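Protein chains in written order, with the numbering used here: chain S, 73 to 446; chain D, 73 to 446.
Encoded as structure tokens, the structure appears first; notes follow it.
Dropping the structure here:
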């Protein structure tokens with residue numbers, strides 16, 4: 073896609089999906105401003121869904137900002153972390169909705185990171201067969217990726233994000249100020265998804281990320297603002313063409329096939345999603361090189377950038393006896409797999425990705441090359 | 073709407089929903105015929121979802137009919153009954169899908185009554201964010217109502233069908249031969265939903281039901297065939313105009329507001345859904361009369377027909393101390409309620425329904441008039 077030059081104007085990114093279109097507001101100071109939430113669907117009640125880490129920081133502030141819009145505002149706080157992205161936790165949201173007498177018009181607000189956003193979105197898709205919801209992402213990863221595009225899900229013990237829905241929010245509110253309180257590990261995890269957009273869609277953006285990585289890690293507001301905005305623009309461009317992942321959208325899963333295997337194999341929550349994606353991108357780049365699509369210099373350049381973001385680049389051992397077998401088994405339950413054949417997002421030239429299968433022995437070699445020495 | 077004269081041609085009813093359109097095949101001998109399942113989406117595997125009552129009757133026969141279409145056919149059998157329409161049971165379907173390595177193209181088949189259809193549909197909507205599914209209803213209730221129109225759901229302890237999705241099947245297969253094995257109580261339950269279509273949409277069909285009720289109860293194949301076909305036509309007409317229940321579709325819930333309160337208040341599975349709807353229609357007709365919309369003769373005519381179908385017409389006591397309060401509390405969590413105000417489907421003239429609220433004291437009087445004397 074055509075790149076834009078970096079600029080400091082933030083404002084709005086529009087996702088064009090017909091009658092499911094919506095905007096992403098990006099900027100500082102948005103969370104507390106009642107105007108941020110104007111012109112949402114009218115309702116007598118709202119439910120804020122958050123987690124025990126985010127609630128003390130932002131729940132009261134969001135509640136106050138919503139007070140002029142909704143007569144009744146309820147709150148449910150979930151345990152924090154990927155290991156809680158389960159039906160049991162999801163049911164806490166349904167319990168809250170029903171206990172508070174929430175109806176078909178109740179607007180739900182997802183206040184937190186990717187796990188809160190994915191679970192709130194799926195709860196909104198399913199409660200009474202669908203109520204409106206708003207994403208208020210407070211992590212970099214959620215702002216640049218998971219809150220945008222309508223993918224919602226929970227995990228199943230046998231696979232990540234296996235149970236969910238395509239369900240678009242009414243609005244996404246990315247308050248850049250929330251990134252100031254983010255733990256360093258979470259910031260790095262978000263940078264993995266920022267980096268992702270370069271190899272798959274926009275090498276000019278990738279050049280910019282390389283030039284500004286130190287500023288991004290140091291949380292320079294202007295750099296973070298541009299990273300969020302450009303990431304959302306690319307994601308909006310992809311999702312606008314392929315909402316339900318019939319084709320193109322799968323490129324957004326660059327690094328995720330290996331990454332999901334790492335997350336599941338280590339136990340959800342051991343590696344952050346972004347950490348697994350960071351390492352997974354290095355592995356997917358190596359596979360692309362092994363397939364003769366990109367050169368070794370491209371792999372090394374990506375590896376260096378992932379490392380500079382504070383992310384792991386060496387794969388964990390998932391099974392001491394049969395590590396390759398374990399990786400392959402976990403990747404075969406990936407949603408992109410068909411008839412047991414694993415599909416990988418590979419870079420076929422810098423700035424462009426495609427989905428294809430690969431011989432098991434080539435994949436095995438990539439895993440063995442990538443593994444962390446004990 | 074305009075009625076058709078009864079005829080014996082069955083064949084197909086079409087549901088027109090743009091790119092989600094599909095047909096309902098109605099006739100004898102369909103379940104076993106491989107041709108019934110031609111031209112469905114191509115897949116390497118299929119999963120039949122059924123229950124422990126239906127499996128011994130039809131699972132092998134459906135498996136054989138599908139063998140020429142799918143290389144691998146898996147089966148999962150759920151415990152039977154409304155009390156099992158829960159997340160725990162739904163998870164048995166997800167376990168089966170993942171254990172068998174089912175992918176995004178796997179076609180699911182719902183073989184059974186309304187509970188199996190609702191749960192299979194919700195599982196299909198949610199597995200990997202959506203896989204295709206086919207309804208093969210084996211009860212009269214599922215053939216005339218629940219398998220058509222894409223409403224899927226599970227129950228929550230605090231309310232019926234509270235968690236679900238609008239998700240259309242690829243096809244509905246109503247094999248009339250399956251009605252021969254239906255227990256009498258299930259047949260009556262299905263007749264409740266057949267009767268429903270008269271007062272809300274088609275008094276000529278209602279006249280026909282009255283004239284053929286004895287034949288319907290005696291399972292006359294021609295009478296049952298016409299009842300299924302005409303019911304599906306009316307449902308297709310309503311759903312084609314309002315897929316997601318923004319307005320008109322709510323009339324299909326005639327009798328269901330009182331009915332859901334009875335089902336939940338008695339404990340799911342104590343009263344069959346159709347039994348609760350039968351009694352609920354009598355109560356909703358009484359409310360319509362109390363509101364001055366229809367006359368007492370209309371109420372008595374409906375009560376007589378519901379009774380002839382073998383259905384209860386007297387409401388159960390849900391709370392010995394505060395029966396009216398219990399009914400009202402249960403009805404306030406109905407999906408049609410808004411801001412705690414209960415919405416009822418009332419008959420505003422025979423053959424036409426609308427949704428409106430009603431004063432609590434009027435509703436209380438209807439409940440007290442309807443209650444079964446101890």
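From the three backbone atoms N, C-alpha and C, an ideal C-beta is built for every residue, glycine too.
Here the structure is a predicted model, which is why all the values come from computation and not from measurement.
Discussion item. Could you check whether the segment 423-443 of chain D touches the segment 383-392 of chain D, counting it as contact only if at least three pairs of C-beta atoms, one from each stretch, sit closer than 8 Å?
Written reply: yes
Practice prompt. Evaluate residue 114 (chain D) with the Cβ neighbour count: other Cβ atoms within 10 Å of its Cβ, from every protein chain shown; 16 or more gives buried, anything less gives exposed.
Written response: exposed
Worksheet item: Are the segment 173-185 of chain S and the segment 198-211 of chain S touching, with three or more C-beta to C-beta distances below 8 Å?
Response: yes
Item to complete: Label residue 107 (chain S) either buried or exposed according to how many other C-beta atoms from any shown protein chain fall within 10 Å of its C-beta, with 16 as the threshold for buried.
Response: exposed
Practice prompt. Could you check what DSSP says for residue 180 (chain S) in three-state terms: helix, strand or coil?
Written response: strand
Discussion item. Suppose only complete runs of 3+ residues qualify. What are the beta strand (DSSP E) ranges in the segment 339-411 of chain D, listed by chain order?
Written reply: none
Fill in: Distance CB(residue 409 (chain D))-CB(residue 175 (chain S)) smaller than 8 Å
yes
Worksheet item: Going by beta carbon distance, what residues of the same chain come within less than 7 Å of residue 232 (chain D), once the five residues before and after it are set aside?
Response: 332, 335, 336
Practice prompt. Tell me, please, whether the CB atom of residue 225 (chain D) is closer than 8 Å to any CB atom in chain S?
Written response: yes
Discussion item. Suppose the cutoff is 7 Å on Cβ atoms and the five residues either side in sequence are ignored; what does the same chain contact list for residue 432 (chain D) look like?
Written reply: 400
Discussion item. Please give the ranges of any beta strand (DSSP E) in the segment 167-241 of chain S, keeping only runs that are unbroken, at least 3 residues long and fully inside the region.
Written reply: 179-184, 205-209, 223-228, 231-238
Worksheet item: Got a sec: which bits of the segment 226-252 of chain S sit with their beta carbon under 7 Å from any beta carbon on chain D, in order along the chain?
Response: 228, 230, 231, 234, 235, 236, 237, 238
Discussion item. Using DSSP's beta-bridge definition, name the partner residues of residue 123 (chain S).
Written reply: S:150
Worksheet entry | Neighbourhood of residue 98 (chain D) by C-beta distance below 6 Å, restricted to the same chain and skipping five residues each side | 82, 246, 300, 301
Worksheet item: Since residue 200 (chain D) meets chain S, which of its residues come closer than 7 Å, beta carbon to beta carbon?
Response: 234, 407
Item to complete: Taking all protein chains shown into account, decide if residue 394 (chain S) is buried (16 or more other Cβ within 10 angstroms of its Cβ) or exposed.
Response: exposed
Practice prompt. Using a Cβ-Cβ cut-off of 8 Å, state whether residue 491 (chain S) counts as contacting chain D.
Written response: Because chain S here runs from 73 to 446, residue 491 (chain S) falls outside it and cannot be looked at.
Item to complete: Starting from residue 97 (chain D), trace the beta strand (DSSP E) both ways and give me its first and last residue.
Response: 94-99
Worksheet item: Under three-state DSSP, which class holds residue 77 (chain S)?
Response: A caution first: residue 77 (chain S) carries a pLDDT of 38, below 50, which makes its placement in the model unreliable, though a value can still be read off. In this structure, residue 77 (chain S) counts as coil in the three-state DSSP scheme.
Worksheet item: What residues are listed by DSSP as bridge partners for residue 84 (chain D)?
Response: D:97
Worksheet entry | Interface residues of chain D facing residue 166 (chain S) [CB-CB closer than 8 Å] | 228, 234, 235
Practice prompt. Buried or exposed for residue 297 (chain D), please, with buried defined as at least 16 other CB atoms from any protein chain shown within 10 angstroms of its CB.
Written response: buried
Item to complete: Kindly list the residues whose CB is nearer than 6 Å to the CB of residue 222 (chain S), restricted to its own chain and excluding five residues on each side of it in sequence; keep chain order.
Response: 238, 239, 240
Item to complete: Using only alpha-carbon positions, find the residue among D:203, D:198, D:170, D:155 that is nearest to residue 186 (chain D).
Response: D:155
Fill in: DSSP state of residue 117 (chain D) mapped onto helix, strand, coil
strand
Fill in: Sheet register partners of residue 413 (chain S) (DSSP bridge)
S:410
Worksheet item: So who's on the other strand from residue 304 (chain S), going by DSSP bridges?
Response: Answer by DSSP bridge pairing: none, since residue 304 (chain S) is not bridged.
Worksheet item: Should the segment 249-266 of chain D be regarded as contacting the segment 213-221 of chain D, the criterion being three or more beta carbon pairs within less than 8 Å?
Response: yes
Worksheet item: Is any beta-carbon of chain S found at less than 8 Å from that of residue 325 (chain D)?
Response: no
Worksheet item: Is residue 272 (chain S) closer than 8 Å to residue 377 (chain S) when the C-beta atoms are compared?
Response: no
Fill in: Chain-ordered neighbours of residue 197 (chain D) on chain S, where CB pairs are closer than 8 Å
237
Worksheet entry | DSSP-derived helix/strand/coil call for residue 274 (chain D) | coil
Fill in: Endpoints, the beta strand (DSSP E) within which residue 247 (chain S) is located
243-247
Discussion item. Measuring alpha carbon to alpha carbon, tell me which residue in D:202, D:318, D:162, D:134 is nearest residue 203 (chain S).
Written reply: D:318
Discussion item. Could you tell me the alpha carbon to alpha carbon distance between residue 116 (chain S) and residue 144 (chain D), rounded to whole angstroms?
Written reply: 50 Å
Worksheet item: Quick one: which chain D residues come within Cβ less than 9 Å of residue 116 (chain S)?
Response: 410, 411, 412
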